[in-house]
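Just so we're aligned, residue 557 is where the sequence shown starts under our numbering, counting upward by one.
The beta-carbon is built from N, C-alpha and C at its ideal position, and this holds for glycine as well.
Here the structure is a predicted model, which means the values were calculated and not measured.
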Amino acid sequence: MSSTIPDIETHSVADPGVRPPSARDETSLHDEILARLRHYIVEGHVADGGRLSERQLCEMLGVSRTPLREALKVLAAEGIVELLPNRGARVRPLSAADIRELFDLMGGLEGLAGRLACEKISDEAIEKVEQLHHDMYGFYMRQDMQNYFRVNQLIHRAIVEAAANATLQATYESLAGRIRRVRFSANLAHKRERWSEAMREHEQILDALRRRAGSELSDILFLHLRNKGAAAIAYFAEAQGGATFAGAKPAGVD
Numbered sequence: 557m558s559s560t561i562p563d564i565e566t567h568s569v570a571d572p573g574v575r576p577p578s579a580r581d582e583t584s585l586h587d588e589i590l591a592r593l594r595h596y597i598v599e600g601h602v603a604d605g606g607r608l609s610e611r612q613l614c615e616m617l618g619v620s621r622t623p624l625r626e627a628l629k630v631l632a633a634e635g636i637v638e639l640l641p642n643r644g645a646r647v648r649p650l651s652a653a654d655i656r657e658l659f660d661l662m663g664g665l666e667g668l669a670g671r672l673a674c675e676k677i678s679d680e681a682i683e684k685v686e687q688l689h690h691d692m693y694g695f696y697m698r699q700d701m702q703n704y705f706r707v708n709q710l711i712h713r714a715i716v717e718a719a720a721n722a723t724l725q726a727t728y729e730s731l732a733g734r735i736r737r738v739r740f741s742a743n744l745a746h747k748r749e750r751w752s753e754a755m756r757e758h759e760q761i762l763d764a765l766r767r768r769a770g771s772e773l774s775d776i777l778f779l780h781l782r783n784k785g786a787a788a789i790a791y792f793a794e795a796q797g798g799a800t801f802a803g804a805k806p807a808g809v810d
């Protein structure tokens with residue numbers, strides 16, 4: 557397993573010549589390990605249901621097993637990985653039914669967020685979303701999937717934040733981790749056809765937000781998430797070499 561992740565220097569606290577790490581240092585290190593490990597899994601470097609080798613991940617990240625295991629616990633709480641008693645961890649497998657249910661639920665949450673956002677969002681916040689959309693389009697044109705996805709998620713989060721509903725945002729965040737990897741994979745379905753469709757849907761999202769058309773934006777966001785879920789199911793079915801993906805419908809059926 558290889559990675560471009562730079563080595564993270566670690567020091568033994570027993571070394572009298574080295575300053576013990578402060579609480580802030582430890583928090584920063586934990587956040588960095590967590591972010592890099594999350595991105596590594598989300599971007600599909602490990603197959604769905606694939607085992608995660610602690611030894612290889614420690615080498616890749618340049619850390620010991622303790623901080624790695626702490627990061628894996630967080631990812632398990634997010635639903636990205638699954639901890640196996642006395643057998644390490646694996647990328648949490650999702651069936652087609654799981655994906656369909658999760659994306660419908662996320663679509664409902666984002667739809668509600670869109671409706672509320674249109675009631676409360678400021679001109680400045682809309683301008684921020686417009687700039688993010690412009691950046692995302694640039695990454696799309698350059699076929700830069702990683703940065704496209706990063707900015708795409710910032711747009712969705714900006715709409716949820718604009719709803720100014722703490723309970724909605726907390727519920728959204730609790731589910732976002734579980735489908736982050738699946739959302740990324742959905743853009744790869746049908747030889748990037750879904751990626752183009754998603755870009756067109758984002759044009760509609762921005763247009764409705766500009767007009768503060770809450771009901772329309774709510775419907776667009778729900779269908780956007782439903783379409784993304786269907787694309788993810790198609791992608792995982794394709795990735796299994798034509799094998800039947802548990803719970804998936806035949807191609808062309810929605």
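Item	Value
Residues of its chain near TYR728, where Cβ-Cβ distance is below 6 Å and the 5 sequence neighbours each way are ignored	LEU665, VAL716
Sequence-distant residues of the same chain with beta carbon closer than 6 Å to GLU794, five excluded per side	none
When LEU585, LEU617, ARG621 are compared against SER596, the one with the closest alpha-carbon	Sequence check: residue 596 is Tyr here, not Ser. The shortest C-alpha separation from TYR596 is found at LEU617.
Sub-8 Å separation of ALA714 and VAL738 beta-carbons	no
Reduced DSSP category for ALA603 - H, G, I as helix; E, B as strand; rest coil	coil
Residue burial classification, ASP563 (beta-carbon count within 10 angstroms, cutoff 16)	Below a pLDDT of 50, predicted positions are generally treated as unreliable, and ASP563, at 38, falls in that range; no measurement from the model is reported.
Residues sharing a beta bridge with GLU638, DSSP	ARG646
Counted within 10 angstroms of its Cβ, other Cβ atoms place ARG643 as buried (16 or more) or exposed	exposed
Short Cβ contact (8 Å threshold) for SER774 with LEU668	yes
Contact set for ASN703: own chain, Cβ-Cβ below 6 Å, skip 5 residues either direction	PHE695
Expected contact under 8 Å - CB spacing of GLU626 and HIS689 to nearest Å	Between HIS689 and GLU626 the Cβ distance is about 36 Å, and since that is not below 8 Å, they are no contact.
Cβ-based neighbour list, ASP604, same chain, cut-off 8 Å, excluding 5 preceding and 5 following	VAL647, PRO649, LEU650, PHE792, ALA795
Whole alpha helix (DSSP H) elements within the stretch 723 to 767, 4-residue minimum	749 to 766
Pairwise C-alpha distance: GLU759 and LEU640	42 Å
First and last residue of the uninterrupted alpha helix (DSSP H) at ASN721	Looking at the DSSP string, ASN721 is not in any alpha helix (DSSP H), and its letter there is neither H nor E.
Contacting residues, own chain, Cβ-Cβ under 7 Å from MET662 (five flanking each side not counted)	LEU731, ILE735, LEU781
Top-ranked residue by Cα proximity to ILE711, from ALA722, LEU724, ASN721, GLN687	GLN687
Proximity to VAL598 [Cα-Cα], best of SER620, ARG706, MET697, LEU765	ARG706
Boundaries of the alpha helix (DSSP H) in which ARG611 is found, first to last residue	610 to 617
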